[in-house]
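For the sequence shown, the numbering used here begins at 354 and goes up steadily by one. The beta-carbon is built from N, C-alpha and C at its ideal position, and this holds for glycine as well. In this text, all values refer to a predicted model and were calculated from it rather than measured experimentally. The block underneath contains the structure these notes are about, expressed in structure tokens.
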Amino acid sequence: MRVDLFDFDLPPENIALRPASPRDSARILLVPGADPMQDRIVSDLPSLLRAGDVLVFNDTKVIPAQLEGMRGEARIGATLHKRQGLRQWQAFLRNAKRVRAGDRIDFGAGVTAIAGPRDEDGGVTLDFEGDEPVEILLERAGRMPLPPYIASKRPTDERDRSDYQTMFAREDGAVAAPTAALHFTPDLMAAIAAAGVQTETLTLHVGAGTFLPVKADDTDDHRMHAEWGRIDAATADRLNAVRAAGGRLIAVGTTSLRLLESAAGEDGMLRPFADETRIFITPGYRFRVVDGLMTNFHLPKSTLFMLVSALMGTEKMQAVYGHAIETGYRFYSYGDSSLLLPDS
């Protein structure tokens with residue numbers, strides 16, 4: 354499938370640089386399968402769902418995974434991507450041509466790492482020196498890894514440490530936030546529970562590869578980045594029971610959706626999962642367990658825009674995004690949301 358089918362023009366002023374405050378005051382575009390779109394507010398969500406539905410959240414926690422350092426006189430930037438071992442992380446390097454395998458990079462604050470060889474994804478493995486857990490080193494020397502479309506417009510600041518973290522964050526390991534869940538507040542969660550909507554959590558550690566552009570001209574030639582996720586047996590059983598009772602399984606974010614579909618069998622049943630997934634969802638994909646998706650608005654020609662097009666149809670999603678741009682929806686990580694319900 355041609356990648357340019359998923360292109361669109363986005364005015365720069367539609368890119369959000371800060372989240373809405375309060376978080377649940379963001380706009381949400383309700384997109385049913387057949388009925389007209391509706392412009393609503395995230396705090397309306399309980400009225401947009403049905404009793405017996407279940408929202409599935411990702412409880413991964415963003416670590417301060419961006420580092421600035423020196424290799425001799427060369428300035429090196431590193432964005433950690435995926436844990437490889439107790440003291441090893443795969444990273445994407447800025448100014449990587451100045452780094453060779455075996456070089457020591459000094460990130461300041463007593464944090465140093467030895468670079469390994471380049472891998473097939475274009476990353477480099479960093480072996481952190483010393484005995485302290487890497488998470489402690491990152492708290493000392495790292496900063497929150499804002500997406501490039503925000504970081505290129507303003508510097509990361511202390512406010513981002515809380516803004517770029519969901520209320521569900523518990524499991525350290527993500528280098529990008531599961532941003533659909535940034536809209537939730539304790540008050541909204543209480544209203545959701547009162548409406549008879551259930552909630553569950555799983556873990557998918559979002560990697561920096563989520564921001565990598567699709568450089569191929571055809572989707573068949575794109576190699577998807579790997580991310581590690583886990584669904585335990587008890588959670589899988591509860592989600593299967595919801596669907597068996599007629600409730601809808603609605604993923605909050607593309608990360609939750611990708612893990613759910615990775616853990617689902619051809620029979621439409623979820624099973625325990627603890628592994629990497631490279632699932633790449635494009636139009637023509639048959640969804641096994643997910644009945645709907647709450648998600649922010651994504652980059653042109655991105656794997657995530659391909660995913661929502663697979664769920665709702667490419668032509669429909671181009672119309673949805675056209676409406677969102679025309680009516681001033683805020684895009685990307687700190688932006689507004691959409692609720693995609695293909696069968697309603």
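Between which two residues does the alpha helix (DSSP H) containing Ile503 stretch? Taking the first residue of the sequence shown as 1, we reach residue 503 at position 150. It spans 501 to 504 - the alpha helix (DSSP H) in which Ile503 sits, taken as one unbroken run.
Please go through the same chain and pick out, in chain order, the residues whose beta-carbon is closer than 7 Å to the beta-carbon of Ile429, but skip the five residues on each side of it. Position 76 of the sequence shown, counted from the first residue, corresponds to residue 429. Here the set comprises Gly422, Met423, Leu446, Arg447, Asn448, Arg451, Val452, Ile458.
Is Thr538 near Asn411, with beta carbons less than 8 Å apart? For the purposes of this step, residue 538 is identified with residue 185 of the sequence shown, where counting begins at 1. For the purposes of this step, residue 411 is identified with residue 58 of the sequence shown, where counting begins at 1. The Cβ-Cβ distance between Thr538 and Asn411 does not fall below 8 Å.
Member of Leu652, Pro508, Gly438, Phe658 whose CA lies at the smallest distance from the CA of Leu363: By 1-based counting over the sequence shown, the position of residue 363 is 10. Checking every option, the nearest Cα to that of Leu363 belongs to Leu652.
Considering Pro385, what are the terminal residues of the beta strand (DSSP E) in which it resides? Here residue 385 refers to the residue found at position 32 when the sequence shown is read from its first residue. Per DSSP, the unbroken beta strand (DSSP E) holding Pro385 starts and ends at 380 to 385.
Touching or not, the segment 517 to 531 and the segment 404 to 418, by the rule of three or more beta carbon pairs under 8 Å? Contact holds: three or more Cβ-Cβ distances are below 8 Å.
Cross-strand partners of Leu433 (DSSP beta bridge): By one-based count along the sequence shown, residue 433 stands at place 80. Beta-bridge pairing links Leu433 to Ala444.
Could you pull the DSSP bridge partners for Ala569 from this structure? Position 216 of the sequence shown, counted from the start, is the residue given in the question as residue 569. Beta-bridge annotation (DSSP): Ala569 is not paired with any residue.
Val642 versus Gly463, Ala444, Asp406, Gln441, residue with shortest Cα-Cα distance: The residue labelled residue 642 in the question sits at position 289 within the sequence shown. Here the closest residue by C-alpha is Asp406.
Any 3 or more C-beta pairs closer than 8 Å across the segment 547 to 566 and the segment 601 to 621: Verdict: yes, contact present.
Just checking my contact of Met670 with Val661 at CB under 8 Å: how many whole Å lie between their CB atoms? Along the sequence shown, read from residue 1 onward, the residue named residue 670 stands at position 317. Along the sequence shown, read from residue 1 onward, the residue named residue 661 stands at position 308. In this structure Met670 is in contact with Val661, their Cβ atoms being roughly 5 Å apart against a cut-off of 8 Å.
On the DSSP bridge assignment, give the partners of Phe355 in chain order. If you number the sequence shown from 1, residue 355 lands on position 2. Here residue 355 turns out to be Arg, not Phe, going by the sequence shown. According to DSSP, which records beta bridges pairwise, Arg355 is partnered with Asp571.
Among Leu383, Pro417, Ile368, whose alpha-carbon lies nearest the alpha-carbon of Ser515? Here residue 515 refers to the residue found at position 162 of the sequence shown. Selected option, being the one with the closest Cα: Pro417.
Which same chain residues end up closer than 8 Å to Leu565 when comparing Cβ atoms and leaving out the 5 residues on each side of it in sequence? On the sequence shown, residue 565 is found 212 positions in, with the first residue counted as 1. In chain order, His578 place their CB closer than 8 Å to the CB of Leu565, counting only its own chain and leaving out the 5 sequence neighbours on each side.
Compute the distance between the beta-carbons of Gly386 and Asp696, then report whether it is under 8 Å. By one-based count along the sequence shown, residue 386 stands at place 33. By one-based count along the sequence shown, residue 696 stands at place 343. Less than 8 Å separates the beta-carbon of Gly386 from that of Asp696.
Which partner residues of Leu557 appear in the DSSP bridge assignment? Here residue 557 refers to the residue found at position 204 of the sequence shown. DSSP output for Leu557 lists Gly582 as bridge partner(s).
Hey, Gln441 and Thr478 are a contact pair by Cβ (cut 8 Å); roughly how many whole angstroms apart? Position 88 of the sequence shown holds residue 441. Position 125 of the sequence shown holds residue 478. A Cβ-Cβ separation of about 6 Å places Gln441 in contact with Thr478 under the 8 Å criterion.
State the Cα-Cα distance for the pair Ala604 and Ala534, rounded to the nearest angstrom. In the sequence shown, the residue the question calls residue 604 occupies position 251. In the sequence shown, the residue the question calls residue 534 occupies position 181. So the two alpha carbons sit approximately 10 Å from each other.
Counting Cβ pairs closer than 8 Å, one from the segment 395 to 406 and one from the segment 502 to 509, do we hit at least three? No, because fewer than three Cβ pairs between the segment 395 to 406 and the segment 502 to 509 fall closer than 8 Å, the two stretches do not touch.
Relative to the C-alpha of Thr630, which residue among Asp573, Ala677, Tyr687, Glu614 is closest? Start at 1 with the first residue of the sequence shown, and residue 630 comes out as number 277. The shortest Cα separation from Thr630 among Asp573, Ala677, Tyr687, Glu614 belongs to Glu614.
My output table needs one value for Phe658: the three-state DSSP class, helix, strand or coil. As a first step, residue 658 must be located in the sequence shown, where it is residue number 305. Correct three-state label for Phe658: helix.
Below 6 Å CB to CB, which residues in the same chain sit around Val673 once its five sequence neighbours on both sides are set aside? The residue you call residue 673 lines up with position 320 of the sequence shown. These residues qualify, in order along the chain: Val384.
Between Leu499 and Asp513, which are expected to be in contact by the criterion C-beta below 8 Å, what is the C-beta distance as a whole number of angstroms? As a working mapping, residue 499 is identified with position 146 in the sequence shown. As a working mapping, residue 513 is identified with position 160 in the sequence shown. Contact holds; Cβ gap of about 6 Å.
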